[in-house]
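Take a look at the structure set out below.
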Amino acid sequence: MAGALPARAVRRDVGRTDRRGRPLRVVGLHPGPRLIHPLQPCPIVPGTTAHGSLPRAGGEAPRPPPAAPPPPAGPAPPPTASAESSGEAEADPREVARAIVLRQLSASAKSRRQLEDKLADRNVPEDVAREVLDRFEEVNLVDDRAYAGMFVRSRAETRRLSRSALRRELAQRGITGEIADEALEQRSDDDELRDAHVLVRKKLPAAVDPSDRKERDRLTRRLVSMLGRKGYPPGLAFAVVKEELGALESSAEEFASEESAGDEFAGDEFSTGGFPGDGFSGDEYAAGRSTVGGRDRPDPDGAHVWDTP
């Protein structure tokens, strides 16, 4: 066979190793084999394998290298959008509605109308929402009567709203009729009048000039508008503002008259007789001299000195 090594050369090299014990490879067709350094690349010789080794006896082909192990199994891929939508569709709508109502009530107290609006925003069926809210009313977790009474007390203390304003806010929350009337009975006419006076006093300036008619009218309009936004009727608002402005002006006039009276008293004492028992008059005190023992005694440094015997 062309390209085959001589038998003599093959027999002679079988079992020969290098210094490290590695078998030597035969290259070439000459009678004497040529030694190849183990670190040098060895060309493929016809009749040998790709690794440079001789074929096995009987013509058996070398076994192939082992296959690579399969990659490790990773986490399962996330569900697709269709799978998520199908999962939501399979959820019990009653459980969804119950979770929404509990979350809303844990934040703050709410009326039944407010909870119905929340459920409608989350696309809960109307019959399911009615069934869940009925169950919550049976266990007193949803009570419009108790909620209305609490709401009126809270708004009256914090914002001092009138009964008409409170009625409008209750209607916005779905509470009307007998339940609203019962809750508003907590407020009386005297309560509204007292709250109106408190609101006006908070907005009044420190002082008002009674002679400035334009400023008084501007202040009156502003205070009446403030009471109107809180639901007080115009007649009550004008009466309260007029009373508070009159009280403020009268107190300012009294203060001014007391100051003027004090100035007049001080001027009279120093202009005529001075202080009783001081031995000199107000004119002599102003001129910088005093009389002691019937003699005028000018003050050399110009200071007002009270001589004592």
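Residue numbers (this note's numbering): 6 to 314. Each residue gets a CB set at the ideal place from its N, CA and C atoms; glycine is no exception.
{"Check": "Alpha helix (DSSP H) containing Pro98: first to last residue?", "Outcome": "98 to 112"}
{"Check": "Taking contact to mean 3 or more Cβ pairs, one atom from each stretch, closer than 8 Å, check whether the region 169 to 177 and the region 126 to 144 are in contact.", "Outcome": "no"}
{"Check": "Within 10 angstroms of the Cβ of Ala72, are there 16 or more other Cβ atoms? Answer buried if so, exposed if not.", "Outcome": "exposed"}
{"Check": "Between the alpha carbons of Val203 and Val133, how many angstroms are there, rounded?", "Outcome": "48 Å"}
{"Check": "In terms of residues, what are the limits of the alpha helix (DSSP H) holding Ile316?", "Outcome": "Because the chain spans 6 through 314 in this model, residue 316 falls outside it and cannot be assessed."}
{"Check": "Helix, strand or coil for Pro28? Go by DSSP, reduced to three states.", "Outcome": "strand"}
{"Check": "Which residues bound the alpha helix (DSSP H) around Lys235?", "Outcome": "Where Lys235 is concerned, there is no enclosing alpha helix (DSSP H), given that its DSSP letter is neither H nor E."}
{"Check": "Assuming Val229 contacts Pro239 (C-beta within less than 8 Å), just tell me the rounded distance between them.", "Outcome": "7 Å"}
{"Check": "Express the C-alpha separation of Gln191 and Phe156 in angstroms, rounding to a whole number.", "Outcome": "11 Å"}
{"Check": "Terminal residues of the continuous alpha helix (DSSP H) containing Ala134?", "Outcome": "131 to 143"}
{"Check": "Confirm, please, whether the CB-CB distance from Ala244 to Gly233 is below 8 Å.", "Outcome": "no"}
{"Check": "Quick one: give me the first and last residue of the alpha helix (DSSP H) that Leu198 is part of.", "Outcome": "194 to 208"}
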